[in-house]
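Visitor:
Quick look at the structure:
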(Lines of atoms letter the chains of each structure in order from A and count residues from 1; the text may use other names and numbers.)
(Lines give C-alpha, C1' and ligand atoms only; values in the text may rest on other atoms or scores of the structure.)
Protein backbone atom coordinates (compact mmCIF):
# COMPACT_ATOMS: atom_id res chain seq x y z
CA UNK A 1 0.00 0.00 0.00
CA UNK A 2 1.41 3.37 -0.95
CA UNK A 3 1.46 6.46 1.22
CA UNK A 4 -1.13 9.15 0.49
CA UNK A 5 1.49 11.91 0.59
CA UNK A 6 4.80 12.27 -1.22
CA UNK A 7 8.08 11.13 0.34
CA UNK A 8 9.14 14.76 0.69
CA UNK A 9 5.92 15.75 2.47
CA UNK A 10 6.11 12.71 4.76
CA UNK A 11 9.71 13.61 5.60
CA UNK A 12 8.67 17.18 6.46
CA UNK A 13 5.80 15.89 8.60
CA UNK A 14 7.99 13.46 10.53
CA UNK A 15 10.80 15.98 11.05
CA UNK A 16 8.31 18.42 12.58
CA UNK A 17 7.55 15.99 15.42
CA UNK A 18 9.37 17.24 18.48
CA UNK A 19 10.74 15.25 21.40
CA UNK A 20 10.50 18.16 23.85
CA UNK A 21 7.73 20.63 24.58
CA UNK A 22 5.04 18.61 22.82
CA UNK A 23 1.45 19.84 23.06
CA UNK A 24 0.43 17.09 25.54
CA UNK A 25 3.50 17.88 27.66
CA UNK A 26 2.75 21.63 27.66
CA UNK A 27 -0.85 20.91 28.65
CA UNK A 28 0.20 18.80 31.66
CA UNK A 29 2.87 21.30 32.69
CA UNK A 30 0.38 24.15 32.61
CA UNK A 31 -2.11 22.24 34.79
CA UNK A 32 0.53 21.18 37.32
CA UNK A 33 1.98 24.68 37.53
CA UNK A 34 -1.51 26.16 38.06
CA UNK A 35 -2.00 23.67 40.92
CA UNK A 36 1.19 24.90 42.58
CA UNK A 37 3.55 22.11 41.55
CA UNK A 38 7.06 23.16 40.63
CA UNK A 39 9.30 21.06 38.42
CA UNK A 40 12.38 21.06 36.26
CA UNK A 41 11.90 20.43 32.54
CA UNK A 42 13.96 17.77 30.76
CA UNK A 43 16.41 17.65 33.67
CA UNK A 44 19.72 16.31 32.34
CA UNK A 45 20.85 15.38 35.87
CA UNK A 46 18.05 12.78 36.07
CA UNK A 47 18.54 9.59 34.06
CA UNK A 48 16.30 9.51 30.98
CA UNK A 49 15.77 13.31 30.95
CA UNK A 50 12.14 13.14 32.16
CA UNK A 51 9.70 15.66 30.73
CA UNK A 52 9.28 16.97 34.28
CA UNK A 53 11.10 16.24 37.52
CA UNK A 54 9.46 17.19 40.80
CA UNK A 55 12.35 17.12 43.27
CA UNK A 56 10.05 17.75 46.26
CA UNK A 57 8.34 14.43 45.45
CA UNK A 58 11.40 12.71 43.96
CA UNK A 59 9.25 11.97 40.93
CA UNK A 60 10.00 11.84 37.21
CA UNK A 61 7.02 12.48 34.94
CA UNK A 62 7.04 11.28 31.35
CA UNK A 63 4.31 12.34 28.93
CA UNK A 64 4.51 9.52 26.40
CA UNK A 65 3.09 9.59 22.89
CA UNK A 66 1.03 6.43 22.39
CA UNK A 67 2.39 5.96 18.85
CA UNK A 68 6.10 6.28 19.69
CA UNK A 69 6.09 4.45 23.03
CA UNK A 70 3.60 1.71 22.02
CA UNK A 71 0.78 2.18 24.51
CA UNK A 72 -0.78 -1.27 24.83
CA UNK A 73 -4.27 -1.64 23.38
CA UNK A 74 -4.45 2.02 22.39
CA UNK A 75 -5.87 3.04 19.03
CA UNK A 76 -3.09 5.61 18.62
CA UNK A 77 -0.38 2.93 18.84
CA UNK A 78 -0.85 1.64 15.31
CA UNK A 79 1.94 0.46 13.01
CA UNK A 80 2.25 2.25 9.66
CA UNK A 81 1.48 0.10 6.65
CA UNK A 82 4.70 1.00 4.83
CA UNK A 83 8.24 0.08 5.89
CA UNK A 84 6.92 -2.30 8.53
CA UNK A 85 10.38 -3.70 9.35
CA UNK A 86 11.78 -0.21 9.94
CA UNK A 87 8.89 0.76 12.21
CA UNK A 88 8.95 -2.52 14.14
CA UNK A 89 12.64 -2.05 14.93
CA UNK A 90 12.15 1.63 15.77
CA UNK A 91 9.32 0.86 18.18
CA UNK A 92 11.22 -2.03 19.74
CA UNK A 93 14.22 0.23 20.45
CA UNK A 94 11.91 2.86 21.99
CA UNK A 95 10.20 0.33 24.27
CA UNK A 96 13.53 -1.20 25.33
CA UNK A 97 14.90 2.28 26.10
CA UNK A 98 11.83 3.03 28.21
CA UNK A 99 12.44 -0.18 30.20
CA UNK A 100 16.10 0.70 30.78
CA UNK A 101 15.11 4.18 31.98
CA UNK A 102 12.48 2.70 34.31
CA UNK A 103 14.96 0.19 35.77
CA UNK A 104 17.66 2.84 36.30
CA UNK A 105 15.27 5.28 37.96
CA UNK A 106 14.04 2.44 40.20
CA UNK A 107 17.66 1.74 41.20
CA UNK A 108 18.06 5.43 42.04
CA UNK A 109 14.79 5.30 44.07
CA UNK A 110 13.16 7.89 41.82
CA UNK A 111 9.43 7.47 41.44
CA UNK A 112 7.94 7.40 37.93
CA UNK A 113 4.65 8.69 36.60
CA UNK A 114 3.82 8.03 32.94
CA UNK A 115 0.97 10.03 31.45
CA UNK A 116 -0.15 8.73 28.07
CA UNK A 117 -1.09 10.96 25.16
CA UNK A 118 -4.56 9.39 24.94
CA UNK A 119 -5.21 10.36 28.58
CA UNK A 120 -4.23 13.95 27.79
CA UNK A 121 -6.59 13.96 24.79
CA UNK A 122 -9.43 12.74 27.04
CA UNK A 123 -8.55 15.44 29.59
CA UNK A 124 -8.73 18.12 26.90
CA UNK A 125 -12.22 16.97 25.92
CA UNK A 126 -13.68 16.62 29.42
CA UNK A 127 -13.34 18.80 32.50
CA UNK A 128 -14.42 15.83 34.60
CA UNK A 129 -11.62 13.68 33.14
CA UNK A 130 -9.16 16.54 33.68
CA UNK A 131 -10.10 16.87 37.37
CA UNK A 132 -10.09 13.09 37.85
CA UNK A 133 -6.61 12.76 36.31
CA UNK A 134 -5.27 15.67 38.36
CA UNK A 135 -6.57 13.93 41.51
CA UNK A 136 -4.82 10.72 40.41
CA UNK A 137 -1.57 12.65 39.91
CA UNK A 138 -1.90 14.28 43.36
CA UNK A 139 -2.68 10.91 44.94
CA UNK A 140 0.39 9.38 43.34
CA UNK A 141 2.66 12.25 44.39
CA UNK A 142 1.58 11.98 48.03
CA UNK A 143 1.68 8.17 48.15
CA UNK A 144 4.50 5.66 48.57
CA UNK A 145 3.82 4.19 45.13
CA UNK A 146 6.91 3.88 42.95
CA UNK A 147 5.31 3.66 39.51
CA UNK A 148 2.00 4.53 37.90
CA UNK A 149 0.64 4.98 34.39
CA UNK A 150 -2.33 7.18 33.60
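Residue numbers (this note's numbering): 107 to 256. Ideal Cβ positions, reconstructed from N, Cα and C, are used throughout, including at glycine.
Starting from residue 110, follow the alpha helix (DSSP H) in both directions and report where the run begins and ends.
Guide: In the chain shown, counting from the first residue as 1, residue 110 sits at position 4. Run containing residue 110: none; DSSP gives neither H nor E here.
Visitor: Under 8 Å, do residue 234 and residue 134 count as touching if we go by C-beta distance?
Guide: One-based indexing of the chain shown puts residue 234 at position 128. One-based indexing of the chain shown puts residue 134 at position 28. No.
Visitor: Candidates 127, 246 and 143: which alpha carbon is nearest residue 269's?
Guide: Any property of residue 269 remains undetermined from this structure, which presents the chain solely from 107 to 256.
Visitor: Could you tell me if residue 170 is buried or exposed, where buried requires 16 or more neighbouring beta carbons within 10 angstroms of its beta carbon?
Guide: For this step, residue 170 is matched to residue 64 along the chain shown. Buried is the call here.
Visitor: As a quick exercise: from 147, 115, 143 and 153, pick the residue whose alpha carbon is nearest that of residue 207.
Guide: Translated into positions along the chain shown, residue 207 becomes position 101. Cα-wise, what sits closest to residue 207 is 153.
Visitor: Along the beta strand (DSSP E) that carries residue 255, what are the first and last residues, could you check?
Guide: Against the chain shown, residue 255 aligns to sequence position 149. Unbroken beta strand (DSSP E) run through residue 255: 253-255.
Visitor: Relative to the C-alpha of residue 180, which candidate in 142, 224, 241 and 213 has its C-alpha closest?
Guide: Reading the chain shown from its first residue, position 74 is the one you call residue 180. Of 142, 224, 241 and 213, the residue nearest in Cα terms is 224.
Visitor: With H, G and I counted as helix, E and B as strand and the rest as coil, what does DSSP make of residue 243?
Guide: The residue given as residue 243 occupies position 137 in the chain shown. Correct three-state label for residue 243: helix.
Visitor: Closest by CA to residue 175, which one among 188, 198 and 132?
Guide: The residue you call residue 175 lines up with position 69 of the chain shown. Checking every option, the nearest Cα to that of residue 175 belongs to 198.
Visitor: So, using beta-carbon positions, are residue 216 and residue 164 closer together than 8 Å?
Guide: Numbered from its first residue, the chain shown carries residue 216 at position 110. Numbered from its first residue, the chain shown carries residue 164 at position 58. Contact: yes.
Visitor: Return the residue from the list 146, 238 and 137 that minimises the CA-CA distance to residue 158.
Guide: Stepping through the chain shown from its first residue, residue 158 is reached at position 52. Nearest C-alpha to residue 158: 146.
Visitor: Beta-carbon within less than 7 Å of residue 186's beta-carbon, same chain only, minus the 5 sequence neighbours each way: which residues are those?
Guide: For the purposes of this step, residue 186 is identified with residue 80 of the chain shown, where counting begins at 1. Once the five neighbours on either side are set aside, the close Cβ partners of residue 186 are 193.
Visitor: DSSP puts residue 158 in a beta bridge; with which residues?
Guide: Looking up residue 158 in the chain shown gives position 52. In the DSSP output, where bridge partners are listed per residue, residue 158 has 147 and 167.
Visitor: If you draw a straight line from the C-alpha of residue 236 to the C-alpha of residue 230, how long is it?
Guide: On the chain shown, position 130 is the one that residue 236 refers to. On the chain shown, position 124 is the one that residue 230 refers to. Going by the C-alpha atoms only, they are around 7 Å apart.
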